[in-house]
Amino acid sequence: MTKVQATQKRGMKLIFTSAFKDLVALTFFVIVVFILSYFFNVFVFLVDFFQKHPGSLVWIDEIISGFLALSIGLAVFSWRRWKETQKECATRLKLQEERIRIAETKEETEKIICKQLHCDIEEYKKIEKEVLSRLAKK
Numbered sequence: 001m002t003k004v005q006a007t008q009k010r011g012m013k014l015i016f017t018s019a020f021k022d023l024v025a026l027t028f029f030v031i032v033v034f035i036l037s038y039f040f041n042v043f044v045f046l047v048d049f050f051q052k053h054p055g056s057l058v059w060i061d062e063i064i065s066g067f068l069a070l071s072i073g074l075a076v077f078s079w080r081r082w083k084e085t086q087k088e089c090a091t092r093l094k095l096q097e098e099r100i101r102i103a104e105t106k107e108e109t110e111k112i113i114c115k116q117l118h119c120d121i122e123e124y125k126k127i128e129k130e131v132l133s134r135l136a137k138k
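Counting from 1, one number per residue, gives the positions in the sequence shown under our numbering.
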């Protein structure tokens, strides 16, 4: 369950991740570029070039197809790396929690051992006093 889903279930304020904000910004940027290129004919120089040199037009469909395939491939690559990073983060969090639990267990064990040693030392002191008092009586 993602943070946004968990937040929605609890009825709290919606929290957007930086990845979501980047996606919204990218979408906005693409729309702005599309609108500007439509109204201002930004790529008219390409049309003029291809009209003057019709032989260069032979490879344009392959170039466009290649760029389209590249953009789709990069999107899939990014999505897979993002999922991989999520799994890595989850694994690291589990390991960190395990290390904290082990450290706490170790600390408790040390306290128990110290307490037991302290009790043993006190017991040995009592036994030593008893032995010394018996020896003193003889």
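C-beta: ideal position from N, C-alpha, C; glycine also.
Please report how far the alpha carbon of residue i lies from the alpha carbon of residue j, in whole angstroms.
i           : j           : result
residue 33  : residue 89  : 35 Å
residue 111 : residue 118 : 10 Å
residue 55  : residue 24  : 40 Å
residue 95  : residue 86  : 14 Å
residue 133 : residue 127 : 10 Å
residue 92  : residue 84  : 12 Å
residue 18  : residue 69  : 26 Å
Look at the Cβ atom of residue i, then the Cβ atom of residue j, and state whether they are nearer than 8 Å.
i          : j          : result
residue 57 : residue 50 : yes
residue 37 : residue 43 : yes
Contained beta strand (DSSP E) runs [length at least 3] in the segment 54–100, N- to C-terminal order: The qualifying runs do not exist here; there are none.
Counting only runs that start and end within the segment 5–45, where is the alpha helix (DSSP H) found for 4 or more residues in a row? Qualifying alpha helix (DSSP H) stretches, in chain order: 18–40.
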